[in-house]
Amino acid sequence: MEKAKCKAALEMAEAAQRIAEQEARKRMNAEMKAKREAEEKVKALDALAMTDLRYRKYSIEEIEIATDQFSANLKIGEGGYGPVYRACLDHTPVAIKVLRPDAAQGRKQFQQEVEVLSSIRHPNMVLLLGACPEYGCLVYEYMDNGSLEDRLFRRGNTPPIPWSVRFKIAAEIATGLLFLHQAKPEPLVHRDLKPGNILLDRNYVSKISDVGLARLVPPSVANQVTQYRMTSTAGTFCYIDPEYQQTGMLGTKSDIYSFGIMLLQIITAKPPMGLTHHVERAIERGSFTEMLDATVKDWPVEEALGFAKLALKCAELRRKDRPDLGTVVLPELNRLRNLGHAYEDGFSGGGGSGIPSTASSNSSSSFGNGPQTLNGNLRAASLANQVLHSSP
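First residue of the sequence shown: 1, per UniProt numbering; consecutive thereafter.
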């Protein structure tokens, strides 16, 4: 009996030692990884310091004058990170985002991060022009046509976005998102993709806003903002990756889920709550056309259905079931964008843009109303697309 007790105690001691060794190894690996990442970040910042950064540092006095002392009349929005004001700096229209007081971190670290973010330049990303590090103010380029959310829901009685422009917008967002996910030394996860964070310029070119904002604030604040998105309203909750909600683990596939919900909104112009369920049911019942935004009269139904099915794959509950952005999602969205371009060219002799007429653009939209003409143009566009992508 004593022998058995001794043996059991010995086994327990050995097991405890093994666990302790495993924990020590894990801790050592985590410390080494953190050290490597810190070294890589310092190298990146040192490299950036040697380059000619197009980053402007503003004083709080300049910001206050530009915003008329943060006048409510110039306020154009408010998010989890803080309010946004329209202003003019250096004779240029800008949008100034003022981070919440609890989002402030060390001045030097804030400035370093802004320098990194201001060096991230892509045609489908809103440009960070500068900042006021002392007061956590960020200065962005101003986007004339506001947010995709406002244009989809036609706030201010703006005209509906044509289907070809919607396909183009989707492909542009995917292009910008892939650029973020391929960032070095580690991917940039947006965390808050939704139509309100997609901005449109005067030519309806779409750009992702709030890129990397989570880097500018302490992790606790970034997580609070995500938590705020989940609890403040049902609408914002709908964009958040269900696996992130369960595990707290954030990854690039978290953005893919949000993107899938947004894709469904692009073709339906409906709120996000329960949208995947409604679209799936409509497809099963054969009533998919009833889900499409009724303000657009000439939807190419077959292409829109393919678009919706791709969106539903992106919005799968499990990350492993979501498609790869670079090899699956973007190529299909580019194909649909090319079909839209070919359709526009068929009507305008090569000069059409499909941009709603109220946009500040020199191009005008020209769309046919008849389904026969539409289908004929799409068949021609589809054939041209097949020829372009066929093997020699």
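Just so you know, even glycine gets a beta-carbon here, dropped at the ideal spot from N, CA and C. The structure displayed is predicted, hence computed values, not measured ones.
Asked, Found
"DSSP bridge partner residues for Glu344 (one or two, in chain order)", "DSSP output for Glu344 lists no bridge partner at all."
"Neighbourhood of Glu78 by C-beta, 8 Å cutoff - its chain only, sequence neighbours within 5 removed", "Val84"
"Proximal residues to Cys238 (C-beta, below 7 Å), its chain only, five neighbours per side dropped", "Ile261, Pro272, Met273"
"Whole-angstrom distance between Cys132 and Leu138, CA atom to CA atom", "7 Å"
"4-residue-minimum alpha helix (DSSP H) runs that sit fully inside the region 63-123, ordered along the chain", "107-118"
"Where the alpha helix (DSSP H) through Gly306 begins and ends", "301-314"
"Ser258 - DSSP class collapsed to helix/strand/coil", "helix"
"Where the beta strand (DSSP E) through Ala131 begins and ends", "128-132"
"Nearest-angstrom beta carbon gap, Val114 and Tyr204 [assumed within contact, 8 Å]", "Rounded, the Cβ-Cβ distance is 28 Å, inconsistent with contact."
"Asn145 and Leu200 closer than 7 Å at C-beta", "yes"
"Beta-ladder partner(s) of Arg56, from DSSP", "Gly130"
"Beta-carbon proximity of Pro166 to Ile266, cut-off 7 Å", "Looking at the sequence provided, one finds Arg at residue 166 rather than Pro. Yes."
"Inter-residue spacing [alpha-carbon to alpha-carbon] between Ile240 and Met32", "31 Å"
"C-alpha gap between Glu141 and Pro93, whole angstroms", "7 Å"
"Cβ neighbour criterion (16 or more within 10 Å) applied to Met1", "exposed"
"Cβ neighbour criterion (16 or more within 10 Å) applied to Lys207", "buried"
"Coarse secondary structure for Leu177, derived from DSSP in three states", "helix"
"Paired residues, beta bridge with Ser206 - DSSP", "Leu200"
"Buried versus exposed call for Asn197 [16 or more other C-beta atoms within 10 Å across all chains shown]", "buried"
"Beta carbon of Leu152 nearer than 7 Å to that of Ala269", "yes"
"Per DSSP, cross-strand counterpart(s) of Tyr140", "Ala95, Leu128"
"Helix, strand or coil at Ser164 according to DSSP, with G and I counted as helix", "helix"
"C-alpha gap between Ser59 and Lys184, whole angstroms", "31 Å"
"Start and end residues, alpha helix (DSSP H) containing Gln246", "242-247"
"Identity of the residue in Arg191, Ala30, Gly212 nearest Gly248 by Cα", "Arg191"
"Exposure of Ile19, with buried meaning 16 or more beta-carbon neighbours within 10 Å", "exposed"
"Distance between Arg25 and Leu263 (C-alpha atoms, nearest Å)", "43 Å"
"C-beta contact flag for Lys82 and Met125 at 7 Å", "Residue identity differs from the one stated: residue 82 is Gly in this sequence, not Lys. Not in contact: Gly82 and Met125 (Cβ atoms no closer than 7 Å)."
"Best match in Glu280, Leu275, Arg86 for proximity to residue 473 [C-alpha to C-alpha]", "Any property of residue 473 remains undetermined from this structure, which presents the chain solely from 1 to 392."
"Element boundaries [alpha helix (DSSP H), containing Leu292]", "Note, Leu292: premise wrong, no alpha helix (DSSP H); not H, not E."
"Backbone secondary structure at Glu2 - three-state DSSP", "helix"
"For Gln17, the three-state DSSP class (helix, strand or coil)", "helix"
"Reference Glu186; option with closest CA among Lys320, Asn338, Ser287, Gly212", "Gly212"
"Enclosing alpha helix (DSSP H) for Val279 [first to last residue]", "275-285"
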